[in-house]
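The block underneath contains the structure these notes are about, expressed in structure tokens.
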Amino acid sequence: MRGSYAKRAISVWMELTVMCPKLVIAKTAADAAIAAARLFRETALKEVSRKGFFAAAISGGETPRQMHRLLAEPLHLDSIPWKSVHIFWVDERYVPRDDPASNYGAALEDFIEKVPIPKGNVHPIPVCLEPARAAIAYEESLSGFFSERGYAEPAFDLIFLGLGSDGHTASLFPESVSDEKKSAKVESVLGGSPKVFRITLTIPLINKAARVAFLVTGKAKSDIVSRIMSGGSGLPAARVAPETGELFWLLDKGAASALDMG
Ligand code: 6PG
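So the sequence shown is numbered by this note's numbering: it starts at -8 and just counts up by one.
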């Protein structure tokens, strides 16, 4: 099993990166998850050997869960330098940890409880304060984490984003698009499905990352993927444009089916 999975993961990755290093179109959602897990692993190895730690921010929702589960599989479990990996969240629903809607709760179940990551390296968004204060607290914890490591401002090594059919990403919704001129790196919003308060990284902070990867699967998202990638929509996800970092689109064939590949 382990050998065949490893061979599959390598062949999927080789096949995919031949096409276009930043646009990866996988045959299936499972293959897209393999590509995403591989990006996580390769970036972790590279950053830990380069600077001694790897700081990643993960999204919630259903799409990333397959990738998260792969991180606890032997291929990644045994090769990712978990002791030097730090996990943050792109956003969180303002619900208790054991609520099915909790992004932290899902990630805990999918991989965090199954990998040897030190407890202090897991940085959930607080949901014990009222929303606006939770946003301030998370922004302060991000600033503290990165300034202790010599950064002038928070800049993740890798951020995984999802994409909603309405063009939202993180918890930045069209109806509640934040005023980017604000200096806030983390903010609280009311929206989404379930419609609850959420704490979210903002576009300016996301765009400081060294790598941002959208992981999107399913034909139902093909139109919004095409709209966002064409850049013209003005929707929150279209504002993701890393200032100096790389932008990856990890798609399956369904999500890529409306792209003009001419
Ligand atoms: C969240 C996510 C959100 C998600 C999209 C896509 O907390 O809900 O951060 O931005 O990525 O809504 O969700 P699915 O993967 O479930 O389609």
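Heads up, the beta-carbon is just placed ideally off N, CA and C, and yes, glycines get one too.
Predicted model, so just to flag it, every value in this text is computed and none were measured.
Sorting Asn198, Ala128 and Ser179 by C-alpha distance to the C-alpha of Ile190 places Ser179 at the top. For the pair Ile215 and Gly135, the CB atoms are not nearer than the 8 Å cut-off. Within its own chain, the residues whose Cβ lies closer than 6 Å to the Cβ of Ala20, once the five positions on either side in sequence are excluded, are Thr208 and Asp243, listed in chain order. In this structure, Val81 and Leu30 do not form a Cβ contact; the two beta carbons are roughly 15 Å apart against a cut-off of 8 Å.
Within the stretch 104 to 156, the complete alpha helix (DSSP H) segments of 4 residues or longer fall at 122 to 138, listed in chain order. Exposure of Arg41 is indicated by the presence of fewer than 16 other C-beta atoms within 10 angstroms of its C-beta. Looking at the backbone, the Cα of Gly245 and that of Ala211 are separated by about 8 Å.
Inter-segment contact for the stretch 84 to 100 and the stretch 135 to 150 is absent: fewer than three beta-carbon pairs are separated by less than 8 Å. Counted as a single uninterrupted DSSP element, the beta strand (DSSP E) harbouring Gly182 occupies residues Val177 to Gly182. Looking from the CA of Ile25, the closest CA among Ala46, Glu166, Pro55 and Phe45 belongs to Pro55. Annotation: Ala125 to Lys176 spans about 12 Å, alpha carbon to alpha carbon.
Taking 7 Å as the cut-off, one finds no heavy atom of ligand 1 near enough to the beta carbon of Gly135.
Taking one beta carbon from each stretch, the stretch 198 to 207 and the stretch 224 to 237 have 3 or more pairs nearer than 8 Å; the two touch. Exclusion of the five residues before and after Ala46 leaves His77, Phe147 and Asp148 as the residues of its chain whose Cβ lies within less than 6 Å of its Cβ. In the three-state reduction of the DSSP assignment, Arg88 falls in the coil class. About 5 Å separates the Cβ atoms of Phe44 and Ser75, confirming a contact at the 8 Å cut-off.
If you draw a 10 Å sphere on the C-beta of Ser162, you find 16 or more other C-beta atoms in it, and that means buried. Counting only residues of its own chain and dropping the five nearest sequence neighbours on each side, His114 has a CB closer than 6 Å to the CB of Phe79. Distance from the CA of Ala247 to the CA of Glu64, rounded to the nearest whole angstrom, comes to 27 Å. The residue from Phe188, Ser217, Gly222 and Arg218 with its alpha-carbon nearest to that of Val86 is Phe188. In the DSSP annotation of this structure, the continuous segment of the alpha helix (DSSP H) that includes Glu38 starts and ends at Ala20 to Lys42. By the neighbour-count criterion, in which 16 or more other beta carbons inside 10 Å mark a residue as buried, Met220 falls on the buried side.
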